[in-house]
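Numbering-wise, the numbering used here comes out as the position in the sequence shown, counting from 1, plus 3. Using N, Cα and C, we set each Cβ at its ideal position, and we do this for glycine too. A quick note: this is a predicted structure, and the numbers were derived from the prediction, not measured.
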Amino acid sequence: MNTDKFKNLRYRLMESESWPLKYMFKFITPNQDGKVEQVKALLPEHGELSFKHTASLKYVAITCVAIMNSADEIIDITEQADRIEGVLIL
């Protein structure tokens with residue numbers, strides 16, 4: 004678990020007193036080797052997904068807005084995405 008890496012995110016999320024809340028995940032991933040599908044598979048099924056490709060189609064920005072029930076849910080998805088090589092978390 005990479006909890007230290009996401010300590011600031013966890014802290015900011017824990018400050019929120021109104022759960023569940025609407026959260027926006029943003030990732031940039033290389034458009035190769037099924038990485039877009041890997042990231043998509045991590046995101047909540049009930050979330051609103053949008054994709055934006057770079058002009059060269061080399062990278063894809065993935066945005067997902069979803070109602071999340073806890074900071075742990077958000078951190079878990081973020082940590083899993085962080086394990087995919089080449090994925091940037093915004």
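Between the CA atoms of A58 and N5 - distance to the nearest angstrom: Within the sequence shown, residue 5 is the residue found at index 2, counting from 1. Within the sequence shown, residue 58 is the residue found at index 55, counting from 1. Only weak support exists for where N5 lies, its pLDDT of 49 falling under 50; the value from the coordinates is given anyway. If I take the Cα positions, the gap works out to 33 angstroms.
Taking the straight line between their C-alpha atoms, what separation do you get for P33 and A84? The residue given as residue 33 occupies position 30 in the sequence shown. The residue given as residue 84 occupies position 81 in the sequence shown. So the two alpha carbons sit approximately 13 angstroms from each other.
Evaluate contact between the region 63 to 82 and the region 43 to 52, counting only Cβ atoms and requiring at least three cross-stretch pairs below 8 angstroms. yes
Among residues of its own chain, excluding the 5 on either side of V63, which ones have a beta-carbon nearer than 6 angstroms to its beta-carbon? For this step, residue 63 is matched to residue 60 along the sequence shown. Cβ neighbours of V63 beyond the five flanking positions: T32, N34, V39, F54 and H56.
Under 8 angstroms Cβ to Cβ from L24, same chain only, skipping five residues before and after it: list those, please. Working through the sequence shown from its first residue, we reach residue 24 at position 21. Within the same chain, L24 has close Cβ partners I70 and M71.
Going along the chain, which residues of its own chain have a beta-carbon closer than 7 angstroms to the beta-carbon of W22, five neighbours each way excluded? Against the sequence shown, residue 22 aligns to sequence position 19. Around W22: N72 and S73.
Name the two residues that bound the continuous beta strand (DSSP E) containing L24. As a first step, residue 24 must be located in the sequence shown, where it is residue number 21. Where L24 is concerned, the enclosing beta strand (DSSP E) starts and stops at L24 to P33.
Residues that G52 bridges to, as DSSP identifies them: Position 49 of the sequence shown, counted from the first residue, corresponds to residue 52. Inspection of the sequence shows that residue 52 is occupied by Leu rather than by Gly. In the DSSP output, where bridge partners are listed per residue, L52 has C67.
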